[in-house]
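Trainee: Just passing along the structure, written as structure tokens.
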Amino acid sequence: MIEIPSDLHTDLVPLAFLLGTWAGAGVHDFPGAEKCNFGQEVTFGHDGRDFLEYRSHTWVLDNDGNKIRPLESESGFWRIDGSRKVEVTMTRDDGVIEIWYGEMADKKPQIDLFTDAVARTAASRPYTGGKRLYGYVKSDLMWVGEKQTPEVELRPYMSAHLKKVVTPEDVERWAKALPDDMPDDGIAFFK
């Protein structure tokens, strides 16, 4: 279910499907790096201004799905204009800062992004750019990332399937929104 908060800046309504905290798992595979399964938590929030705040944390998982150690962290800001053009500024824990541009697909909650600018600290590993695809599919958030380095052509390196995290506040808000004439036994509601 996509909810549009009353205090969401009107420019951001097309991005409302991203709002909230998402958690799930995915696969990381890139030459020169450890191939692994990872867990991820992503949060998209807003404060009424014309951008979404973004935070993502990933961690390596063992074969039983237990956290082993952090993998990557990134944060940034997402904006969209009236023609559905999206811009993202992103900072990563490995010393990379990126500017991403892209657009929302027509008539569906899907965003294609590509890097326009990359800045790296001296300590960061080689990286020259990337692409990402985010999509809202059957109430889940899915994404795939591609990256390139001077040695490796653009190729997929991470993808994940995330589910919306439900908070106690969400449950309380939904309960208050139930109609007053709900049947006592709940069964009649489904007949």
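The numbers in UniProt numbering rise by one with no breaks, and the one at position 168 of the sequence shown is 168.
We put the CB at the ideal spot given by N, CA and C, even for glycine.
Keep in mind that this is a model prediction, so the values were computed, not measured.
Would you list, in sequence order, the uninterrupted beta strand (DSSP E) runs of no fewer than 3 residues that lie entirely inside the UniProt domain "THAP4-like heme-binding" (11–164)?
Mentor: Listed in chain order, they are 20–28, 36–45, 52–61, 67–80, 85–92, 96–104, 110–120, 129–137, 140–148, 155–164.
Trainee: Within its chain, find whatever has a CB closer than 7 Å to the CB of ILE2; leave out the 5 residues flanking it on each side and keep chain order.
Mentor: The residue given as residue 2 occupies position 2 in the sequence shown. Closer than 7 Å at Cβ, skipping near neighbours: ALA16, PHE17.
Trainee: What does the alpha-carbon distance come out to for the pair PRO109 and TYR136?
Mentor: On the sequence shown, position 109 is the one that residue 109 refers to. On the sequence shown, position 136 is the one that residue 136 refers to. Whole-angstrom Cα-Cα distance: 6 Å.
Trainee: To the nearest angstrom, report how far apart GLU72 and TRP143 are at their CA atoms.
Mentor: Stepping through the sequence shown from its first residue, residue 72 is reached at position 72. Stepping through the sequence shown from its first residue, residue 143 is reached at position 143. Spanning the two alpha carbons is a distance of roughly 15 Å.
Trainee: CA-CA distance, ALA23 and VAL42?
Mentor: Working through the sequence shown from its first residue, we reach residue 23 at position 23. Working through the sequence shown from its first residue, we reach residue 42 at position 42. Roughly 6 Å separates the two Cα atoms.
Trainee: Are the segment 5–12 and the segment 111–128 in contact at 8 Å, needing three or more beta carbon pairs?
Mentor: Verdict: no, contact absent.
Trainee: From VAL88 to VAL27, what does the alpha carbon distance come to, in whole angstroms?
Mentor: Translated into positions along the sequence shown, residue 88 becomes position 88. Translated into positions along the sequence shown, residue 27 becomes position 27. Going by the C-alpha atoms only, they are around 23 Å apart.
Trainee: Tell me whether PRO168 sits in a helix, a strand or coil according to DSSP, three-state version.
Mentor: Locating residue 168 in the sequence shown gives position 168, counting from the first residue. Of the three classes helix, strand and coil, the one that applies to PRO168 here is helix, per DSSP.
Trainee: What do you reckon, are the CB atoms on LEU12 and LEU52 nearer than 9 Å?
Mentor: Taking the first residue of the sequence shown as 1, we reach residue 12 at position 12. Taking the first residue of the sequence shown as 1, we reach residue 52 at position 52. Cβ distance < 9 Å, so LEU12 and LEU52 count as in contact.
Trainee: Buried or exposed for VAL86, please, with buried defined as at least 16 other CB atoms from any protein chain shown within 10 angstroms of its CB.
Mentor: As a first step, residue 86 must be located in the sequence shown, where it is residue number 86. Buried: at least 16 other Cβ atoms inside 10 Å.
Trainee: On the CB-based measure, 16 or more other CB atoms within 10 Å of its CB, does ARG69 come out buried or exposed?
Mentor: Reading the sequence shown from its first residue, position 69 is the one you call residue 69. Exposed: under 16 other Cβ atoms inside 10 Å.
Trainee: Where LYS138 and ARG120 are concerned, what is the direct C-alpha to C-alpha distance, given to the nearest angstrom?
Mentor: On the sequence shown, position 138 is the one that residue 138 refers to. On the sequence shown, position 120 is the one that residue 120 refers to. Taking the straight line from one Cα to the other gives about 37 Å.
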